[in-house]
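Residue numbers (our numbering): 160 to 473.
Everything on this sheet refers to the single structure shown next.
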Ligand code: P6P
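Written as structure tokens, this is what we have:
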């Protein structure tokens, strides 16, 4: 019987394909997966401990911070700083980056618990990470990401990541405590019949966007609307089933809501590596030269044919 492939095995195998690999990236991913396992265990018993609910704080983006947000954020910071592998850390929950004295090689942007308003109702949440080689400027375009991925906490816990060599999915086997390879080199369907957008804001949308949405509802092809309110979950479904996820600009939010550095860029790298398309207005968000850590950008990403159809309207 063949031994199942763990995340560590897989990254080591991938690493052997790059002669310049030093093993440090493998180590970094091991620290990230360890943090994910600990967060997963806390989420699973969140209803039994006093870790649900709001912390009473709001973050730099004005979002209400949940207790599990704070726990997850602090856990990831401590884990990555102790690794000695990071030069800088930037988080949705930190106003400014943290610079490590250990002189590590990587800069990691992360959203410790994306969609955390779903926690109290037992709906998927996730951790998003985006990894760069250190640079004199902590802000780099998304095209320079060394790796990007997420951990989705749901009926099963899955880690999805890419280093630019395809997108690979791992499922946590609780009995082993290991992430096991479950989907190698995922490819997103070229088209799909699911669109994902918060239509409650339709009155604030542009005419072009509302014309596009109407075309989905009234056209030949039958579409479904699915919107979970956690980008990680909406993107996970889009990767597997195809379709399009849109968080657009609107009359009140000229740059939309999602943050470039730790939501849009990592998800764009994953979708593009899986054969899909990501656009912010008309251009690739990974080409945007970032100006600030928590910069927001509008985004539409998913199946190539769906995004191209969307672009005709806006
Ligand atoms: P809205 C979660 O707060 C988040 O940052 C993303 O995960 C999600 O896609 C979006 O905001 C949901 O925003 O305005 O639809 O509630």
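Note that beta-carbon positions come from the ideal geometry of N, C-alpha and C, so glycine has one too.
- At a threshold of 7 Å, residue 419 does not count as near ligand 1, since its beta carbon sits no closer than that to any of the ligand's heavy atoms.
- Non-local beta-carbon contacts of residue 434 in its own chain, meaning distances under 6 Å to residues more than five positions away in sequence, involve 346, 347 in chain order.
- For secondary structure counted as the beta strand (DSSP E) over 3 or more consecutive residues, the segment 399-458 holds these complete runs in sequence order: 403-406, 436-438.
- Relative to ligand 1, the beta carbon of residue 416 is positioned inside 7 Å of a heavy atom.
- If you look at residue 201, you'll find it isn't in any beta strand (DSSP E); it sits in the alpha helix (DSSP H) that goes 183-203.
- Not a single heavy atom of ligand 1 lies less than 7 Å from the C-beta of residue 228.
- Remark: C-beta atoms of residue 264 and residue 244 approach each other more closely than 8 Å.
- Every alpha helix (DSSP H) of 4 residues or more that sits fully in the segment 226-264 is shown, in chain order, as 226-242.
- Secondary structure of residue 367 (DSSP, three-state): helix.
- The beta carbon of residue 218 sits no closer than 7 Å to any heavy atom of ligand 1.
- Between the segment 314-326 and the segment 418-437, the count of C-beta pairs closer than 8 Å reaches three or more; the two stretches touch.
- Here the alpha carbon of residue 304 sits roughly 22 Å from the alpha carbon of residue 237.
- Rounded to whole angstroms, the gap between the alpha carbons of residue 314 and residue 344 is 22 Å.
- Measuring C-alpha to C-alpha distances from residue 349 to each of 467, 339, 219 identifies 467 as the nearest.
- For residue 383, same chain residues with a beta-carbon under 7 Å away, outside a window of 5 residues either side, are 352, 353 in chain order.
- A buried status is given to residue 297, since no fewer than 16 other beta-carbon atoms sit within 10 Å of its beta-carbon.
- Proximity of the beta carbon of residue 314 to ligand 1 is not indicated: no heavy atom of the ligand is located closer than 7 Å.
- Inclusion of residue 388 and residue 276 in the CB contact set at 8 Å is warranted, their separation being smaller than that value.
- Between residue 170 and residue 185, the gap from beta carbon to beta carbon is short of 8 Å.
- Taken from the Cβ of residue 357, at least one heavy atom of ligand 1 lies inside 7 Å.
- Residue range 284-292 is occupied by the beta strand (DSSP E) that includes residue 285.
- Residue 372 is classed as buried because its beta carbon has at least 16 other beta carbons within 10 Å across all chains shown.
- Annotation for residue 216: no alpha helix (DSSP H) segment contains it, though the beta strand (DSSP E) segment containing it runs 213-217.
- Inclusion of residue 422 and residue 202 in the CB contact set at 8 Å is not warranted, their separation being larger than that value.
- About 5 Å separates the beta carbons of residue 271 and residue 235, which is inside the 8 Å limit, making them a contact pair.
- By the criterion of a C-beta distance shorter than 7 Å, residue 409 is surrounded in its chain by 360, 363, 364, once the five residues flanking it on both sides are discounted.
- Residue state for residue 273 is assigned as strand, using DSSP reduced to three classes.
- Close CB contacts of residue 299 within its chain, under the 6 Å cut and outside five residues either way in sequence, are with 291 (chain order).
- Ranked by how close their Cα comes to the Cα of residue 233, the residues 253, 223, 215, 217 have 253 in first place.
- In the structure shown, residue 332 adopts extended strand secondary structure according to DSSP, grouped into three states.
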